[in-house]
Structures are given as C-alpha cells and as structure tokens.
Amino acid sequence: MNIDIHTHCIPREFIDLVKRNPLKYQARIEHDSQGKEMIRHDQGYLYPLFPGFYDMDIRFREMDQRKIDMDVISVSPTLYYYWADAALAEEIARVCNDSVAKLAKGYPKRIKPCASVPLQDVAASVKELERVVDRYGIQMVTIGTSVEGRGLDDPDFLPFFKKAEELGVAVMFHPYYVGDRLNLGDYYLTNLIGNPLDTTICIARLAFGGVLEQCPRSRFIFVHGGGYIPYQRGRLQHGYHVRPEPKVRVKSTPPFTYYDRLFFDTITHWGPALTFLVESHGAEKILMGSDYPFDMADVDPVRTVKTFVRGEADQKKVLSLNAMSLFQAK
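Counting in our numbering, the sequence shown runs from -18 upward without gaps.
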C-alpha cells in the first residue's frame, strides 16, 4: 500500500461559496488567457484552480497513474484565512472540514481527512478540533508555520498544541505565505526558498520556545523534507551550547533532545537529499508526500522513494507503514 501524506484540496463547497458571495469570502474565480480557472484572494493569492483540487474522478485517476492507494487530504494553505476576521476563518474551516470528512466517508479506502482550524483564534481552534474529532474521528490537523507573522512558540498557541496532544491528533505544519520577504520577491523565491525557510524557523522556535518540551507526546509533521533543519541541526545545537539567547525559555534540557520525535515528508526534489534525510533521521520518521496537485509537487513520489530510499524494509516504512502507524497511534 502507498499512502501520500501531503496532498491538497479546495472543496467544491468553498468554491460555491466564493461564486455566490465573493465579497464576503474575499476571493473570486477568474480565467486566464487560455480560459483556465484561477482563484484570486483579496489577500493577494492568485493560483490555478486545478481540477484535482475538487474533482475526485480526476484525482483517483491520477492517483492510479502514480500508484498511490490513499491520499491524506488537507486544504490548500490559501484556505487557512489567518488574515481574515476570525469568525469568517472559523466558518471556512467548518465548511472545509465537513467537506473533507464527507469525502473520506464516501471513499474510505482512498481518502484520509486532515482538518484545518482558524488559528488566529485559539479558543475557536480548540473548539473546532474537538468537533471534528468527536463527529468524524479525524486524526490529523494542518496549520501554518506561523500566523500572520506570529511564531508558534507564542504562549497563546500552547492550549491548541496541548489539546491536539490530549486528543491524539497529529499536527502537520505547512508553510504559510504572508507577503514578500526582503530579497525574496523575485524569481518565485518566496516559495522556492521562503517555504522551506519558514519551516526551518518554525521548528527552531518550537524547540527553543519550549513547545516540544511541553508537549512530549505530540506528533508533529513538517513538510518539504523539514526545510533546512535536517542539514543545519548541528548549527542550532551548537548555538544552544555556546550562546545564552537560545536558553531563555529552555534551560534544563537541550531542545533538540526532542528532534528525533519529529516527522518529515519526502519532498526534497533532489534524490541525495532524501537519502541523507532518511539515513540521518531514521526511516521510521519519514512519510511519503507529493504536494499534489500544485505545480511544485513531486509528480512520482513512489518512484522517488523506491529510487532514493535504500532497502526494501525502509521503503515500506516510508511508503505506508509509518503513516498507518501514525493514524493508529493514540
């Protein structure tokens, strides 16, 4: 069995809401010069509305072509709506969560649901997480690597992480674009460099900020191969030992003691990087991912794993066994 832990959707229900009331939902459907549908958010996002986001016939056909048995589906990060009023973000999260859960119920052998929450309102996020776990049995939630520039080590977010830990819900962190960074505005560098950079910053803040220490039973998943962390963890560890600043909030236990608990997906776009990731971090903590249906996706993740993960036993772990274990754990 092959399980893709990292795929995205934009539910039809959300698209219908946008078509009916673009002003309220701060987005509109447009068409490019070739007539292809695009979605433009008032916040600034503009991207293709790929049919694979919402058409399950197309998704299943492409899954079969890529030898994927099951997709874990989470909303596109553009639907986090962290920039919007919390009430609107909460409504969108509920609509999307209900839609994803409905898909999973209709196709239980092909779809595993991943919820989202309006993280700018922690109380509402805890409430929504409890709702989807109670109603649908959802076992994973996706959040951004920051919330409109606020690091997730902010103590305000700790109740959410503690609730996810209590409920046994895995948390998948996905980069969340909040605007052009200095010197990254050209060449799509906001994505090419900015996305893995945001993941790197997020992991460092969770470690140095004490979140990993305070949530010892948490199951945290970081996409895009964990950003730059797997290749620069030594620098962060060294800094903790020789500098006072990293010890401000974590004094007793070196924060990267908890590093081995983290999960990473396989999206590195370079075979030797994936081989290094698996062999340095351990095959037990690596999950196959593609980023479907975005253009930055790994179009053949099964082949990637079978080519660059050494040994059939480790390949099986990455292709499915780790994901199966993750969902079964409570």
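For glycine and all other residues, C-beta sits at the position ideal for the given N, C-alpha and C.
Is the segment 273 to 283 touching the segment 230 to 240, taking contact as three or more C-beta pairs under 8 Å? In short, these stretches do not touch, since the Cβ pair count stays below three.
Spatially closest choice to S80 from N(-17), P32, F(-5) and E109, by CA coordinates: Here residue 80 refers to the residue found at position 99 of the sequence shown. Relative to S80, the option among N(-17), P32, F(-5) and E109 whose CA is nearest is F(-5).
Have a look at D13 and R21 and give me their C-alpha separation to the nearest angstrom. As a working mapping, residue 13 is identified with position 32 in the sequence shown. As a working mapping, residue 21 is identified with position 40 in the sequence shown. Annotation: D13 to R21 spans about 11 Å, alpha carbon to alpha carbon.
Among R47, A8 and D(-15), whose alpha-carbon lies nearest the alpha-carbon of L30? Residue 30 sits at position 49 when you count from the first residue of the sequence shown. That would be A8, whose Cα lies nearest to the Cα of L30.
Looking at S199 and V128, is the spacing between their C-beta atoms short of 8 Å? For the purposes of this step, residue 128 is taken as the residue at position 147 of the sequence shown. For the purposes of this step, residue 199 is taken as the residue at position 218 of the sequence shown. Note that the C-beta distance between V128 and S199 is not below 8 Å.
Applying the 10 Å Cβ sphere with the 16-neighbour rule, what's the burial state of E71? For this step, residue 71 is matched to residue 90 along the sequence shown. Within 10 angstroms of the beta-carbon of E71 lie 16 or more other beta-carbons, which makes it buried.
Is it the case that the Cβ atoms of Y6 and Y157 are separated by a distance below 8 Å? On the sequence shown, residue 6 is found 25 positions in, with the first residue counted as 1. On the sequence shown, residue 157 is found 176 positions in, with the first residue counted as 1. Y6 places its beta carbon 8 Å or farther from that of Y157.
Can you tell me the Cα-Cα spacing of E147 and D167, whole angstroms? Along the sequence shown, read from residue 1 onward, the residue named residue 147 stands at position 166. Along the sequence shown, read from residue 1 onward, the residue named residue 167 stands at position 186. Note on geometry: alpha-carbon atoms of E147 and D167 lie some 42 Å from one another.
Expressed to the nearest angstrom, what Euclidean distance is found between the alpha-carbon atoms of D38 and P253? Position 57 of the sequence shown, counted from the start, is the residue given in the question as residue 38. Position 272 of the sequence shown, counted from the start, is the residue given in the question as residue 253. Between D38 and P253, the alpha-carbon positions lie close to 34 Å from each other.
Range of the contiguous alpha helix (DSSP H) that encloses V192: Position 211 of the sequence shown, counted from the start, is the residue given in the question as residue 192. Start and end: V192 to Q195.
N- and C-terminal bounds of the beta strand (DSSP E) containing S55: Here residue 55 corresponds to residue number 74 of the sequence shown, with the count starting at 1. Unbroken beta strand (DSSP E) run through S55: M51 to V56.
Can you list, in chain order, the residues of its chain with a C-beta nearer than 7 Å to that of K287? Leave out the 5 residues immediately preceding and following it. The residue given as residue 287 occupies position 306 in the sequence shown. Counting only Cβ-Cβ distances below 7 Å, and skipping sequence neighbours, we find Q296.
To the nearest angstrom, how far is the alpha carbon of I54 from that of Q101? Here residue 54 refers to the residue found at position 73 when the sequence shown is read from its first residue. Here residue 101 refers to the residue found at position 120 when the sequence shown is read from its first residue. Going from the Cα of I54 to the Cα of Q101 covers about 22 Å.
Within 10 angstroms of its Cβ, does R42 collect 16 or more other Cβ (buried), or is it exposed? Looking up residue 42 in the sequence shown gives position 61. Exposed, because fewer than 16 other Cβ atoms sit within 10 Å of the Cβ of R42.
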